[in-house]
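Residue numbers (our numbering): 479 to 813. No residue lacks a Cβ here, since even glycine has one placed at the ideal position from N, Cα and C. Here the structure is a predicted model, which means the values were calculated and not measured. This report refers to the structure that appears directly beneath it.
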């Protein structure tokens with residue numbers, strides 16, 4: 479499953495998972511084109527903070543997946559595209575649903591059209607476990623009903639269905655990877671694990687403020703999620719147009735995760751309720767636990783990083799950022 483010599487395009491390479499994936503592809507000797515969202519600050523997101531040699535080995539491109547002409551031009555000459563670019567913040571989707579349709583639906587359409595026009599060998603489209611809504615059965619198989627409990631989830635369901643339709647209608651070799659809750663270095667404080675870790679370590683925080691601690695999640699280290707992307711991008715025998723779950727199959731409540739973080743950071747700070755982080759009642763996804771047998775059978779992938787070890791590494795990354803002044807004490811960053 480080597481990517482040596484493969485010409486690979488990664489959309490959303492400036493983000494959390496995308497930057498880790500782009501690095502991994504470089505290590506596997508792929509020729510990587512890393513697409514970052516255009517901005518006026520001369521920045522490439524997290525790609526500016528990765529290993530300098532890995533960054534120098536990539537072709538860095540700024541653009542926007544909402545620009546169909548640009549995506550058509552960019553896709554030419556590539557063998558594989560990993561499509562990770564998306565708007566992902568659930569709370570923001572309540573206020574700006576149109577932007578989620580523009581980026582997650584129209585942007586995905588542009589990527590699919592570009593891949594079709596240039597006959598790319600494979601497209602890996604990124605889904606999310608949020609498309610299932612609260613688990614009706616556990617663990618959740620790919621056949622579970624899709625329930626849009628947020629505008630974000632609705633936009634990702636639509637994008638998934640576009641990917642499915644391009645496989646069925648045009649024979650496009652597009653596989654859908656559905657990662658469950660990924661965590662690790664470089665993740666935004668939009669997500670619960672980094673906001674808990676930062677507050678646990680931050681001397682300016684007297685308490686760890688969170689929303690509802692009772693929902694359960696299937697937490698996956700970013701290294702395992704990246705390995706799932708690499709597997710889906712290269713494995714033979716995948717069924718195109720269908721989704722593959724990637725998760726540990728282990729159910730952990732938000733409250734239990736907080737206790738693991740408190741132990742890893744050595745803090746005894748109390749946990750405080752933050753009403754601003756609570757979703758609307760019918761929008762909260764109560765339980766997400768993955769059944770990943772289909773992905774394991776098709777690719778041989780399996781998670782390797784146990785939660786306690788993964789949290790320890792993530793805590794170490796946050797310690798370094800606080801110590802080096804990369805995160806200002808008391809500030810709340812949503813990068």
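- Quick one: Cα of residue 708 to Cα of residue 563, how far? Stepping through the chain shown from its first residue, residue 708 is reached at position 230. Stepping through the chain shown from its first residue, residue 563 is reached at position 85. When rounded, the distance between both Cα atoms is 17 Å.
- Task: Answer yes or no: do residue 484 and residue 502 have a C-beta to C-beta separation smaller than 9 Å?
- Result: Here residue 484 refers to the residue found at position 6 of the chain shown. Here residue 502 refers to the residue found at position 24 of the chain shown. Contact flag unset, no.
- Task: For residue 501, name the three-state secondary structure that DSSP assigns.
- Result: As a working mapping, residue 501 is identified with position 23 in the chain shown. Reduced to three states, the DSSP call for residue 501 is helix.
- Compute the minimum distance between the beta carbon of residue 674 and the heavy atoms of the ligand MN, and state whether it is under 8 Å. Ligands are entirely absent from the displayed structure, and the ligand MN is therefore not among its contents.
- Task: Could you tell me whether the Cβ atoms of residue 629 and residue 571 are closer together than 9 Å?
- Result: As a first step, residue 629 must be located in the chain shown, where it is residue number 151. As a first step, residue 571 must be located in the chain shown, where it is residue number 93. Yes, the Cβ-Cβ distance between residue 629 and residue 571 is below 9 Å.
- First and last residue of the uninterrupted beta strand (DSSP E) at residue 560: The residue labelled residue 560 in the question sits at position 82 within the chain shown. Run containing residue 560: 558 to 561, per the beta strand (DSSP E) assignment.
- When the Cα atoms are used, what is the spatial distance from residue 574 to residue 773? In the chain shown, the residue the question calls residue 574 occupies position 96. In the chain shown, the residue the question calls residue 773 occupies position 295. Roughly 33 Å between the two C-alpha positions.
- Can you tell which of 498, 527 and 537 has its C-alpha closest to the C-alpha of residue 487? As a first step, residue 487 is located in the chain shown; it is residue number 9 there, counting from the start. Checking every option, the nearest Cα to that of residue 487 belongs to 537.
- Compute the beta-carbon to beta-carbon distance between residue 662 and residue 700, rounded to the nearest angstrom, for a pair I have assumed lies under 8 Å. By 1-based counting over the chain shown, the position of residue 662 is 184. By 1-based counting over the chain shown, the position of residue 700 is 222. Right, their Cβ atoms sit about 3 Å apart.
- Alpha-carbon to alpha-carbon, residue 789 and residue 681: As a first step, residue 681 must be located in the chain shown, where it is residue number 203. As a first step, residue 789 must be located in the chain shown, where it is residue number 311. The alpha-carbon atoms of residue 681 and residue 789 are separated by roughly 19 Å.
- Would a C-beta distance cut-off of 9 Å place residue 703 and residue 732 closer than the cut-off? Indexing the chain shown from 1 puts residue 703 at position 225. Indexing the chain shown from 1 puts residue 732 at position 254. Not a contact, by the Cβ cut-off of 9 Å.
- Query: So residue 479 and residue 713 are in contact, right, with Cβ under 8 Å, and what is the actual spacing, rounded?
  - Reply: The residue given as residue 479 occupies position 1 in the chain shown. The residue given as residue 713 occupies position 235 in the chain shown. That belief holds up - the Cβ atoms of residue 479 and residue 713 are roughly 6 Å apart, short of 8 Å.
- CB of residue 633 within 9 Å of CB of residue 565, strictly: By 1-based counting over the chain shown, the position of residue 633 is 155. By 1-based counting over the chain shown, the position of residue 565 is 87. Yes, they are a contact pair.
- Do you know offhand how far residue 481's Cα is from residue 766's? Reading the chain shown from its first residue, position 3 is the one you call residue 481. Reading the chain shown from its first residue, position 288 is the one you call residue 766. Computed Cα separation, rounded: 32 Å.
- Mind checking whether residue 751 and residue 689 have CB atoms under 9 Å apart? For the purposes of this step, residue 751 is identified with residue 273 of the chain shown, where counting begins at 1. For the purposes of this step, residue 689 is identified with residue 211 of the chain shown, where counting begins at 1. Yes, the Cβ-Cβ distance between residue 751 and residue 689 is below 9 Å.
- Hey, out of 705, 696 and 672, whose CA is closest to residue 794's CA? Looking up residue 794 in the chain shown gives position 316. When the alpha-carbon of residue 794 is set against those of 705, 696 and 672, the nearest one is in 672.
- Message: Within 10 Å of its beta-carbon, does residue 519 have 16 or more other beta-carbons around it, so buried, or fewer, so exposed?
- Response: Here residue 519 corresponds to residue number 41 of the chain shown, with the count starting at 1. The residue in question, residue 519, is exposed, as its Cβ has fewer than 16 Cβ neighbours within 10 Å.
- Message: Here's a check: name, in chain order, each residue in its chain whose Cβ is nearer than 6 Å to the Cβ of residue 532, leaving out the five neighbours to either side.
- Response: Taking the chain shown and counting its residues from 1, one reaches residue 532 at position 54. Only 501 and 504 meet the Cβ criterion.
- Pair within 9 Å by beta-carbon distance, residue 778 and residue 668: In the chain shown, residue 778 corresponds to position 300, counting from 1. In the chain shown, residue 668 corresponds to position 190, counting from 1. Against a cut-off of 9 Å, the Cβ pair of residue 668 and residue 778 comes out as no contact.
- What three-state label does DSSP hand residue 595 in the structure shown? By one-based count along the chain shown, residue 595 stands at place 117. Residue 595: helix per DSSP, three-state reduction.
- Task: Note down, in chain order, each residue of its chain lying with its Cβ closer than 8 Å to the Cβ of residue 556, except the 5 sequence neighbours on either side.
- Result: Numbered from 1 along the chain shown, position 78 holds the residue referred to as residue 556. The beta carbon of residue 556 sits closer than 8 Å to those of 485, 486, 487, 511, 596 and 598, all from its chain and outside the five residues before and after it, given in chain order.
- Could you check the C-alpha separation between residue 726 and residue 576 for me, to the nearest Å? Here residue 726 refers to the residue found at position 248 when the chain shown is read from its first residue. Here residue 576 refers to the residue found at position 98 when the chain shown is read from its first residue. Whole-angstrom Cα-Cα distance: 33 Å.
- In three-state DSSP terms, what is residue 657? Sequence index remark: in the chain shown, residue 657 carries index 179 (1-based). In this structure, residue 657 counts as strand in the three-state DSSP scheme.
- Message: Under DSSP, the alpha helix (DSSP H) around residue 711 begins and ends at which residues?
- Response: By one-based count along the chain shown, residue 711 stands at place 233. 700 to 712 is the span of the alpha helix (DSSP H), which, as asked, contains residue 711.
- Task: Throw me the rounded Cβ distance for the residue 675 and residue 720 pair, which I believe falls under 8 Å.
- Result: In the chain shown, residue 675 corresponds to position 197, counting from 1. In the chain shown, residue 720 corresponds to position 242, counting from 1. In fact, because the Cβ distance is near 35 Å, the residues do not count as touching under 8 Å.
- Item | Whole-number beta carbon distance between residue 678 and residue 743, since they are thought to touch under 8 Å | If you number the chain shown from 1, residue 743 lands on position 265. If you number the chain shown from 1, residue 678 lands on position 200. So it is a contact: roughly 4 Å between Cβ atoms.
- Query: How is the alpha helix (DSSP H) around residue 800 delimited, first residue to last?
  - Reply: In the chain shown, the residue the question calls residue 800 occupies position 322. Taken as a continuous stretch (DSSP letters only), the alpha helix (DSSP H) holding residue 800 covers 785 to 801.
- Task: Could you have a look at residue 488 and say whether DSSP puts it in helix, strand or coil?
- Result: Working through the chain shown from its first residue, we reach residue 488 at position 10. Strand at residue 488.
- Query: Between the C-alpha atoms of residue 541 and residue 664, what's the straight-line distance to the nearest angstrom?
  - Reply: Residue mapping note: residue 541 aligns to position 63 of the chain shown, counting from 1. Residue mapping note: residue 664 aligns to position 186 of the chain shown, counting from 1. Near 21 Å, if we compare the C-alpha coordinates of residue 664 and residue 541.
- Query: Going by other Cβ atoms of all chains shown within 10 Å of its Cβ, with 16 needed for buried, is residue 492 buried or exposed?
  - Reply: Locating residue 492 in the chain shown gives position 14, counting from the first residue. Answer is buried; the Cβ neighbour count reaches 16.
- Query: DSSP state of residue 723, grouped into three classes?
  - Reply: Counted from its first residue, the chain shown places residue 723 at position 245. Note: residue 723 maps to strand in three-state DSSP.
- In DSSP terms, what residue 675 is bridged to: Within the chain shown, the letter at position 197 stands for residue 675. BP columns for residue 675 are empty, so no partner.
- Within 10 angstroms of its Cβ, does residue 715 collect 16 or more other Cβ (buried), or is it exposed? Here residue 715 is taken as the residue at index 237 of the chain shown, counted from 1. Result: exposed.
- Identify, in the order they occur along the chain, each residue of the same chain with its Cβ nearer than 7 Å to the Cβ of residue 613, setting aside the five sequence neighbours on each side. Walking along the chain shown from the start, residue 613 turns up at place 135. Closer than 7 Å at Cβ, skipping near neighbours: 765, 766 and 767.
- Thinking C-beta only, is residue 547 closer than 9 Å to residue 513? Here the question's residue 513 lines up with position 35 in the chain shown. Here the question's residue 547 lines up with position 69 in the chain shown. It is not a contact, given that the beta carbons lie outside the stated cut-off.
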